[in-house]
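S.K.:
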Amino acid sequence: MAFRAAVITFPGSNCDRDMAAALEAVSGTPAIRVWHGDADLPDGLDLIALPGGFSYGDYLRSGAMAATSPIMRAVVAAAERGVPVLGVCNGFQVLTEARLLPGALLRNAGQRFVCRTVGLTVEGTASPFMVGYQPGETIRIPVAHHDGNYFADAETLDRLEGEGRVAFRYAEPVNGSARDIAGVLSANGRVLGMMPHPERAIEPAAHPSLGGADGRRLFESILAALSAAA
Amino acid sequence: MQVRVLVRLKPGVLDPQGRAVHHALEGLGFEGVEDVRIGRLIELDLADGTDHDTIKAMCEKLLANTVIESFTIEGAG
Chain A
0 MAFRAAVITF PGSNCDRDMA AALEAVSGTP AIRVWHGDAD LPDGLDLIAL
50 PGGFSYGDYL RSGAMAATSP IMRAVVAAAE RGVPVLGVCN GFQVLTEARL
100 LPGALLRNAG QRFVCRTVGL TVEGTASPFM VGYQPGETIR IPVAHHDGNY
150 FADAETLDRL EGEGRVAFRY AEPVNGSARD IAGVLSANGR VLGMMPHPER
200 AIEPAAHPSL GGADGRRLFE SILAALSAAA
Chain B
0 MQVRVLVRLK PGVLDPQGRA VHHALEGLGF EGVEDVRIGR LIELDLADGT
50 DHDTIKAMCE KLLANTVIES FTIEGAG
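Those protein sequence lines, which keep their order, are chains A and B.
Letter by letter, the first sequence follows residues 0 to 229 in numbering that gives the first Met the number 0.
Letter by letter, the second sequence follows residues 0 to 76 in numbering that gives the first Met the number 0.
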């Protein structure tokens, strides 16, 4: 089965090539590159990925302008049809601004840009993105962001936790996120937004501070889930 | 017609920028600064007669993120 993944590029995206490279490395099929001004997505997609970066220079709020771009109307429609959508870093910010995921990403509590590999605790596993992880295990994935401080009201946070929609939590202080939330799932588990960069952790590197392969399983999960469903 | 939209973080939403500016004001020797919150002023030049509901929709759809921000509209007729 050829895996059809699309990577959306906004003006100011800077992790789109990394995302496409990770998808190709894991699936063996080149990702389809889609420009923000396109009105339509390719047919028959298995995955839509919104990459990291600083779309539209973070004008107004991180992800706010990208959420209004023509392609996002098509992404929202595809998500409503059940096409899996992964938003990483700025992609997560875009998904919250597009209201595909609840909450918002505020400036890091410490005001500083945080760029390092952090520990994450795996939580929500009822998702095609998560089947390769064990609940409660700790993985290591790099973060690189200034606006990663997850915020939602207490009622929303309770609902996310109650419904198993917290995908990952930080296992250490990173950015002041409410309840240490690093990634959240949609109600149907098919939209995942996360600040850490799994596409930067798809192969072991010579130095332990670089890379790692814990992000690879996220992409393998979605492939396995699709194969199982096919 | 000129309309000003003031966008502010809701009470209870942490404002790290405001906190940093607060500390900077104290560092400059200003006393009695109790709190600093940073918001955003958006000036809109709109066709005369643009109704309030339309401006409100602009705020809710784009100018403010109502998860974290509140807004007030000033100068609308």
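Glycine is no exception: its CB is placed at the ideal position from the N, C-alpha and C atoms.
When every heavy atom of the ligand MG is checked, does at least one fall within less than 6 Å of the C-beta of leucine 104 of chain A?
M.R.: Looking for the ligand MG in the displayed structure turns up nothing, as the structure carries no ligands at all.
S.K.: Out of A:Ala97, A:Ala48, A:Pro127, state which residue places its alpha-carbon closest to the alpha-carbon of methionine 64 of chain A.
M.R.: A:Ala97
S.K.: Could you name the residues of the same chain whose beta carbon sits closer than 8 Å to that of proline 197 of chain A, not counting the 5 residues immediately before and after it, in chain order?
M.R.: Ala21, Val87, Ile140, Asp213, Gly214, Arg215, Leu217, Phe218
S.K.: For chain B, check one thing: does any of its Cβ atoms lie closer than 7 Å to the Cβ of phenylalanine 150 of chain A?
M.R.: yes
S.K.: Measuring CB to CB, does alanine 103 of chain A end up less than 7 Å from threonine 95 of chain A?
M.R.: yes
S.K.: For alanine 103 of chain A, go through chain B and note every residue whose CB falls closer than 8 Å to its CB, in chain order.
M.R.: Asn64, Val66, Ile67
S.K.: Starting from valine 121 of chain A, follow its DSSP beta bridges and name the residues at the other end.
M.R.: A:Phe167
S.K.: Quick one: list the residues of chain A neighbouring proline 15 of chain B, beta-carbon separation under 9 Å, in chain order.
M.R.: Leu105, Arg106, Asn107, Ala108, Gly109, Gln110, Asn148, Gly175
S.K.: Once DSSP output is grouped into helix, strand and coil, what is the label at alanine 63 of chain A?
M.R.: helix
S.K.: In chain order, what residues of the same chain have a beta carbon less than 6 Å from the beta carbon of leucine 49 of chain A, not counting five sequence neighbours either side?
M.R.: When the five nearest sequence neighbours on each side are left out, the beta carbons in the same chain lying within less than 6 Å of the beta carbon of leucine 49 of chain A are those of Ile7, Gly86, Gly90, Val93, in order along the chain.
S.K.: With leucine 46 of chain A and alanine 4 of chain A assumed to form a contact (beta carbons below 8 Å), what rounded beta-carbon distance in angstroms separates them?
M.R.: 4 Å
S.K.: Using DSSP with H/G/I as helix, E/B as strand and the rest coil, what is glutamine 1 of chain B?
M.R.: Note: glutamine 1 of chain B maps to strand in three-state DSSP.
S.K.: Hey, asparagine 107 of chain A and asparagine 148 of chain A: beta-carbon distance below 7 Å or not?
M.R.: yes
S.K.: Would alanine 23 of chain B count as contacting chain A if we go by Cβ distances under 7 Å?
M.R.: With 7 Å as the cut-off, alanine 23 of chain B does not count as an interface residue toward chain A.
S.K.: Are alanine 77 of chain A and leucine 40 of chain A touching if we call contact CB-CB under 7 Å?
M.R.: yes
S.K.: Relative to the C-alpha of valine 12 of chain B, which residue among A:Ala223, A:Ser226, A:Leu191, A:Ala177 is closest?
M.R.: A:Ala177
S.K.: Closest Cβ-Cβ distance between alanine 56 of chain B and chain A: below 7 Å?
M.R.: no
S.K.: In the DSSP assignment, what are the bridge partners of glutamate 136 of chain A?
M.R.: Note: glutamate 136 of chain A sits in no beta bridge, so no partner.
S.K.: Identify which residue in A:Leu191, A:Val173, A:Ala204 has its Cα closest to the Cα of glycine 118 of chain A.
M.R.: A:Val173
S.K.: Could you check whether the Cβ of alanine 19 of chain B sits closer than 7 Å to any Cβ belonging to chain A?
M.R.: Interface annotation, alanine 19 of chain B: in contact with chain A, CB-CB separation under 7 Å.
S.K.: If methionine 194 of chain A sits next to histidine 144 of chain A, beta carbons under 8 Å apart, how far is it from one beta carbon to the other, in whole angstroms?
M.R.: 5 Å
S.K.: Specify the secondary structure class of glycine 56 of chain A as computed by DSSP and reduced to three states.
M.R.: helix
S.K.: Which of the three DSSP states is assigned to cysteine 58 of chain B in this structure?
M.R.: helix
S.K.: Helix, strand or coil: which one does DSSP assign to alanine 204 of chain A?
M.R.: coil
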